[in-house]
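Just add 1160 to wherever you are in the sequence shown, counting from 1, and you've got our numbering.
Ideal Cβ positions, reconstructed from N, Cα and C, are used throughout, including at glycine.
All values reported here derive from a predicted model rather than from experimental measurement.
A short write-up of the structure that comes next.
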Amino acid sequence: MEQTIGKRIAQLRQARGLTQQQLADRIAVSRVAVSHFEMDLALPSERTITLIAGIFKLRPHALVDGTTYPLAKMDRLPLAACCYTELEQSLALLYNDLAWLERLSKCDQHREWETAVRDKWLPQLASWQYACLDEAEQRLVDAARTALLAALHALH
């Protein structure tokens, strides 16, 4: 028997540790709308399915496959969705900078590069510390700050 799209969304949301309000905030709908989706009282639009898929790092079709989501709506879904937040992309750049610093640690100019990386990322991480982030994003920022400080310490 096929699972309803509402049950699939609820399971994914709970597994990710998000509240209905947090999911609603990320897809620009009300908490009541998310509740209605999860109880199958309302059917999410193609746009909403695409946004939800991105939050759960899925393709839109992977989100709705094996569910009761209407085939006509399924046919209009895009093949891919944006899966990474701006924060996640920025943190990937930070980790690339740290890997680059490690590879160049034996070069004569490594102190200049270390200063540039530190001066670029420490203020950015500090600003993210006080931004309105959910718990998962806050953990990502904390881990990135720890990694940056550890990398800078290891270079000395």
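Under the three-state DSSP convention, the category Thr-1227 falls into: Residue state, collapsed to three classes: strand.
Inter-residue spacing [alpha-carbon to alpha-carbon] between Glu-1206 and Gly-1166: Near 14 Å, if we compare the C-alpha coordinates of Gly-1166 and Glu-1206.
In three-state DSSP terms, what is Gln-1181? DSSP, read as helix, strand or coil, puts Gln-1181 in helix.
DSSP three-state assignment for Gln-1298, whether helix, strand or coil: Residue state, collapsed to three classes: helix.
Quick one: any contact between the region 1250-1267 and the region 1209-1217, if contact means 3 or more CB pairs under 8 Å? Inter-segment contact for the region 1250-1267 and the region 1209-1217 is absent: fewer than three beta-carbon pairs are separated by less than 8 Å.
Per DSSP, what kind of secondary structure is Gln-1163 in: helix, strand or coil? Annotated three-state conformation of Gln-1163 is strand, per DSSP.
Taking DSSP as the reference, what is the three-state secondary structure of Ser-1190? Here Ser-1190 sits in coil by DSSP.
Ignoring anything shorter than 3 residues, give me the beta strand (DSSP E) runs that lie fully in the region 1197-1255, in order along the chain. Taking 3 residues as the shortest admissible run, the region 1197-1255 contains no complete beta strand (DSSP E) segment at all.
Under the three-state reduction of DSSP, which class applies to Ala-1259: helix, strand or coil? In the displayed model, Ala-1259 falls within a helix according to three-state DSSP.
Expressed to the nearest angstrom, what Euclidean distance is found between the alpha-carbon atoms of Ala-1202 and Ala-1252? If you take the alpha carbons of Ala-1202 and Ala-1252, they lie about 37 Å apart.
In chain order, what residues of the same chain lie with their CB nearer than 7 Å to the CB of Asp-1200, ignoring the 5 residues before and after it? Thr-1164 and Gly-1166, listed in sequence order.
Going by alpha carbons, who is nearest to Ala-1276 out of Leu-1300, Leu-1312 and Arg-1305? For the residues Leu-1300, Leu-1312 and Arg-1305, the minimum Cα distance to Ala-1276 belongs to Leu-1312.
Does the Cβ of Thr-1210 have 16 or more other Cβ atoms within 10 Å, making it buried, or fewer, making it exposed? Under this definition Thr-1210 is a buried residue.
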